[in-house]
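Per numbering that gives the first Met the number 0, residue 0 is the first one in the sequence shown, and the count goes up by one each step.
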Amino acid sequence: MSTQTTAQPTPTQTNATTRPDPSAIPLPGDHGSANLSIRPFEFHASDEELADLRSRITATRWPDRETVDDDSQGVQLATMQKLAEYWATKYDWRKVEARLNAFPSFITEIDGLDIHFIHVRSKHENALPLIVTHGWPGSIIEQLKIIGPLTDPTSHGGTAQDAFDLVIPSMPGYGFSARPIDPGWNPPRIAQAWLTLMKRLGYDRFVAQGGDWGALMTEIIGVMAPPELLAIHTNMPSTVPPEIYQALRDGNGPPAGLTVEERRAFDRLDLFFTHGLAYAQQMGQRPQTLYGIADSPIGLAAWFLDHDVLSYRMIARAFDGEPEGMSRDDVLDNITITWLTNTAISAARLYWEAMPRTSSGFGIERNNVHFFEPFGVSVPTAVSQFPDELYPVPHSWAERTYPKLIH
């Protein structure tokens with residue numbers, strides 16, 4: 000079994016069963032939690048767990064090769080077999096584990112659930128507190144690379160004025176946070192928990208950042224706009240105008256009068272909603288059905304790789320030995336932490352929590368798409384764009400969405 004310096008984060012009873020509107024959520028306290036302690040945490044997978052992982056990989060029963068010469072049928076057999084060979088024979092989880100345990104890591108109970116987080120204070124005075132939230136299929140491992148530059152900027156070409164105190168939580172059901180056993184841990188509730196976490200850490204002012212699901216949580220925090228929140232930053236902003244949603248729903252092509260920048264964004268969104276949403280629809284409607292991703296490492300890896308067409312192609316190039324922004328280890332780190340913590344299904348349930356069963360809510364499906372819909376953020380907002388995000392955000396949409404856009 001895995002060994003840790005605090006109790007294994009296990010499923011903890013929760014009480015909420017409704018899906019609250021973020022604009023109606025009160026500012027957080029400690030939600031009546033009986034345990035406000037913050038416990039140090041380390042994770043050490045056992046040799047038996049790692050041997051079992053390798054054994055399952057090598058025992059994979061492979062399907063036939065796809066009947067086409069492209070990826071139109073899904074993750075290609077050759078890609079998965081290259082991944083499996085590297086994962087079983089060359090990948091070193093202990094290196095990742097050492098990196099994780101090198102940073103101060105903790106568990107605290109919020110609203111009845113154990114929440115894991117990394118907390119690194121800068122050596123510089125007056126560092127700005129920052130909470131950063133990951134997405135799916137991601138984890139806190141993705142944020143390890145930013146800890147040094149953000150908390151110790153003078154060692155990375157910056158100045159002391161660039162310094163942050165960094166808080167990186169694992170979302171409920173992800174990684175080392177507990178797996179909820181009752182419904183109700185939806186995006187607004189997670190956002191509220193993050194406010195509680197920052198308050199518990201003693202921060203009376205902070206900023207928030209996120210991408211993917213983390214962007215959604217961050218924007219909800221921006222809607223709540225508690226006095227201690229100074230600003231938010233997102234690299235996957237919710238800026239898509241209603242008329243663009245309508246055109247995407249109808250499938251009749253882009254509206255007339257779009258600028259070149261807006262048309263580029265429309266085309267990328269159309270590609271994603273046409274060819275990249277199957278994973279979200281399945282997890283949003285029937286996450287429990289995905290037993291294969293909990294029982295088979297290769298099943299889990301294939302599911303993670305195929306979350307959208309463009310991402311899959313970048314990952315496939317990495318395993319083909321072609322230059323890419325991410326390495327094979329970058330890909331396998333997220334898959335392996337999910338496998339070792341048995342959080343594939345609990346993480347998938349976030350989509351179910353966010354998928355509306357009525358005409359309102361946080362939707363993902365083709366005909367009720369709300370994931371990129373503006374929320375009404377009122378606090379100062381900065382937006383970063385990178386070439387391979389799901390859609391390139393036009394300046395016009397960002398300016399229309401965020402009244403206090405600062406970047």
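We put the CB at the ideal spot given by N, CA and C, even for glycine.
Handout entry: Burial state of GLU47 (16 or more Cβ within 10 Å)
Key = By the neighbour-count criterion, in which a residue is buried when 16 or more other Cβ atoms sit within 10 angstroms of its Cβ, GLU47 is exposed.
Exercise for the section: Give me the Cα-Cα distance between MET313 and GLU321, rounded to the nearest whole angstrom. Expected result: Whole-angstrom Cα-Cα distance: 9 Å.
Exercise for the section: For LEU404, write down the residues that DSSP places opposite it in a beta bridge. Expected result: Partner(s): THR380.
Practice task
Pair every Cβ in the stretch 46-63 with every Cβ in the stretch 264-271, then say whether three or more of these pairs are closer than 8 Å.
Solution key: Taking a cut-off of 8 Å on C-beta distances, the stretch 46-63 does not touch the stretch 264-271, as fewer than three cross pairs fall below it.
Handout entry: Separation of LEU299 from THR59, as counted between CA atoms
Key = Whole-angstrom Cα-Cα distance: 12 Å.
Problem - Separation of ILE130 from HIS155, as counted between CA atoms - result: Straight through space, the alpha carbons of ILE130 and HIS155 are spaced by roughly 20 Å.
Problem - Beta-carbon proximity of VAL376 to THR238, cut-off 8 Å - result: No.
Problem - Whole-angstrom C-beta distance between PRO179 and SER345, which should lie under 8 Å - result: Their Cβ separation, rounded to whole angstroms, is 7 Å, which keeps SER345 and PRO179 in contact under 8 Å.
Practice task
Ignore the nearest five residues each way along the sequence and tell me which others in HIS406's own chain have a CB closer than 7 Å to its CB.
Solution key: So the qualifying residues of the chain are ALA381, VAL382.
Practice task
Ignore the nearest five residues each way along the sequence and tell me which others in TYR90's own chain have a CB closer than 6 Å to its CB.
Solution key: Answer for TYR90: LEU331, listed in chain order.
Problem - Nearest-angstrom Cα separation, counted from VAL378 out to LEU229 - result: Spanning the two alpha carbons is a distance of roughly 7 Å.
Exercise for the section: Please check the pair ALA162 and HIS123, which I expect to be a contact at CB under 8 Å, by giving their CB distance rounded to whole angstroms. Expected result: About 4 Å separates the beta carbon of ALA162 from that of HIS123, a gap short enough to meet the 8 Å contact definition.
Practice task
Note down, in chain order, each residue of its chain lying with its Cβ closer than 6 Å to the Cβ of GLN142, except the 5 sequence neighbours on either side.
Solution key: Only VAL131, ILE167 meet the Cβ criterion.
Exercise for the section: Pull up the distance between the alpha-carbon of TYR401 and that of VAL222, whole angstroms please. Expected result: Cα to Cα, TYR401 sits roughly 11 Å from VAL222.
Handout entry: Under the three-state DSSP convention, the category VAL206 falls into
Key = Of the three classes helix, strand and coil, the one that applies to VAL206 here is strand, per DSSP.
Handout entry: Beta carbon of LEU339 nearer than 8 Å to that of ALA87
Key = It is not a contact, given that the beta carbons lie outside the stated cut-off.
Problem - Neighbourhood of LEU257 by C-beta distance below 8 Å, restricted to the same chain and skipping five residues each side - result: Answer for LEU257: PHE265, listed in chain order.
Handout entry: Residue closest to ARG285, alpha-carbon to alpha-carbon, out of ARG199, PHE271, ALA255, GLU352
Key = Answer by Cα proximity: GLU352.
Practice task
May I ask you to check if the CB of PRO402 is nearer than 7 Å to at least one heavy atom of the ligand MG?
Solution key: The model depicted lacks the ligand MG and carries no ligand whatsoever.
Practice task
Would you kindly check if the distance between the Cβ of VAL259 and the Cβ of HIS232 is under 8 Å?
Solution key: No, they are not a contact pair.
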